[in-house]
Amino acid sequence: MSAKDKVHSDPGEKRQIEIERLEKDVEDLKRLAGTEAADAELERVRQQVAELRREFYAHLGPWQRAQIARHQQRPYLLDFAQYLFTDFMELHGDRSFGDDKAIIAGLAKFHGRPVAVVGHQKGRDTKQRVIRNFGQPKPEGYRKALRVMQLAAKFSRPVLTFIDTPGAYPGIDAEERGQGEAIARNLREMARLPVPVIVTVTGEGGSGGALAVAVGDRVNILENSFYSVISPEGCAAIMWRDAAKAEAAAEAMKITAKDLKDFGIVDEIVCEPEGGAHSDHEAAARFLGDVLDRQLAELSLERTQDLIKARYEKFRKMGQFFDV
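See below:
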C-alpha cells in the first residue's frame with residue numbers, strides 16, 4: 065500500500081478531507097450569495113460543515129490531538145497576551161548570560177490586577193522559529209523566568225505561566241551552561257513562591273522543559289493539548305526503535321487532557337472553540353480568561369503559608385510509589 069493509500073484509508077483523514085472540501089464549497093457559495101436559493105444552499109452547507117467538525121473533534125485519538133497541539137496556527141503566549149492582558153511589558157535577560165527568546169517573561173494587568181506572565185513562545189515561519197529556537201529554552205531562559213517570578217513575589221503579584229514547548233534545548237551549549245541545574249532551581253523556587261501561581265498547558269508540554277515553569281497551585285490544560293515526560297516519537301524510538309510507531313506510543317502514554325485529569329496531573333480542562341484553539345484565538349483566550357479569573361479569585365483568599373503547603377502536597381501526591 066502506498067503512502068497515499070494509507071492516508072486515505074484512515075477514517076479520520078477521510079473525514080478531515082471531506083470537511084476541507086465542504087469548507088471550499090462554502091467559500092465558493094459566498095461569492096454566489098445574494099439570491100434566495102444561494103443563501104439557502106450556503107446555510108445548509110455551513111450547518112453540514114459545523115456538524116462534521118463537531119463529530120470529528122469529539123472523537124480524536126491521542127495522536128491526532130498531539131498534532132492539533134502542534135498546529136502552527138495554535139495561539140502562543142503573545143497571542144493570548146493581546147486578548148487577556150493590558151499594559152504588558154516584557155522583561156529581557158537573566159542578568160547572567162543573555163536573553164533567551166524561547167521564553168517570554170514580563171509584567172501585565174489581568175482584569176485590572178497586576179500579574180507576572182511567563183511562558184514559551186514558538187515561531188510560525190522559519191525565521192521566527194529559528195529566533196525562538198522552536199520554543200526550546202536554554203538555561204538563560206529558565207533563569208530569566210525565575211528572575212521575573214521572584215520579582216513578582218517581591219511585589220505580591222500572582223504568576224501566570226503558559227506552557228507550549230517540545231522540551232528543553234538538548235544542545236551541548238545548554239548543558240555547558242547548566243541546563244539541569246537551571247530546571248532544578250526553578251522547581252525548588254516555584255514550589256515556595258509566596259504568591260498564587262496558575263499554570264496552563266496551551267500546546268505541547270514536553271518534559272522538564274515544561275515542568276521548569278509549571279509548578280503551580282492550579283494546573284490547567286487546553287482540551288487539545290498534551291503533557292508528557294517525552295514526545296510520542298521519542299517514546300516510540302526508545303521502545304520500538306521506530307519513531308513511526310508514535311501513534312501507538314501516544315495511545316499507551318495517556319497524554320491527553322482527559323487522561324491527565326483522571327490521573328490528577330492537571331486540575332482543570334479548558335474548553336477550546338469549535339475546530340480547535342487555532343481556529344479562533346480570541347474565543348480560546350476568552351474561555352481561558354474565564355478560568356483564570358475564577359481560579360485567581362479563589363487563590364487570592366488563601367493565606368500564604370496555606371498556599372505554599374497545599375502546592376507542595378499537590379505535587380508530592382503525584383505518581384505511584386512502592387516500598388520494597
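Just add 64 to wherever you are in the sequence shown, counting from 1, and you've got this note's numbering.
Backbone N, C-alpha and C define an ideal beta-carbon position, used for all residues, glycine too.
- Spanning the alpha carbons of M213 and L324 requires a straight line of approximately 26 Å.
- Going by DSSP, R375 is part of no beta strand (DSSP E) but of the alpha helix (DSSP H) stretching over T368 to R380.
- In the three-state DSSP reduction, S343 falls in the helix class (H, G or I).
- Residue state for K173 is assigned as strand, using DSSP reduced to three classes.
- A check of alpha carbon separations from A166 across E315, M382, V265 and G205 identifies G205 as the nearest.
- With a contact defined as Cβ atoms closer than 8 Å, D228 and K202 miss out at about 16 Å.
- With contacts defined by Cβ atoms closer than 8 Å, A180 and A216 form a contacting pair.
- In the structure shown, the three-state DSSP call for Y291 is strand.
- Distance from the CA of R252 to the CA of G231, rounded to the nearest whole angstrom, comes to 19 Å.
- For the options Q128, R177 and I302, the alpha carbon positioned closest to that of S364 is the one of R177.
- Contact between the segment 278-285 and the segment 297-314 is absent: fewer than three C-beta pairs spanning the two stretches fall below 8 Å.
- Membership of E239 in the alpha helix (DSSP H) is indicated by the continuous run I236 to E240.
- Counting C-beta atoms within 10 angstroms of its own C-beta, T266 has 16 or more neighbours from the protein chains shown and is therefore classed as buried.
- Shown here, R138 sits in coil according to DSSP, grouped into three states, outside any helix or strand.
- DSSP places T264 outside any alpha helix (DSSP H); the residue lies instead in the beta strand (DSSP E), whose first and last residues are V261 to G270.
- When secondary structure is reduced to three states using DSSP, A133 falls in the helix class.
- A104 has its alpha-carbon roughly 43 Å from the corresponding atom of F226.
- Per DSSP, reduced to three states, the secondary structure at I329 is coil, with no helix or strand assignment.
- Beta-bridge analysis with DSSP links N197 to no other residue.
- Look at A180 here: in three-state DSSP terms it is strand.
- Leaving aside the five residues that flank E311 on each side, the residues in its chain whose CB is nearer than 6 Å to its CB run, in chain order, W127.
- Residue pairing of I302 in beta bridges, as defined by DSSP: absent, with no partner found.
- In the structure shown, L224 adopts extended strand secondary structure according to DSSP, grouped into three states.
- Excluding sequence positions up to five before and after Y140, its CB lies within less than 7 Å of the CB of Q185, K186 and D228, all in the same chain and listed in chain order.
- Remark: C-beta atoms of A314 and P296 approach each other more closely than 8 Å.
- Looking at the backbone, the Cα of H342 and that of R138 are separated by about 4 Å.
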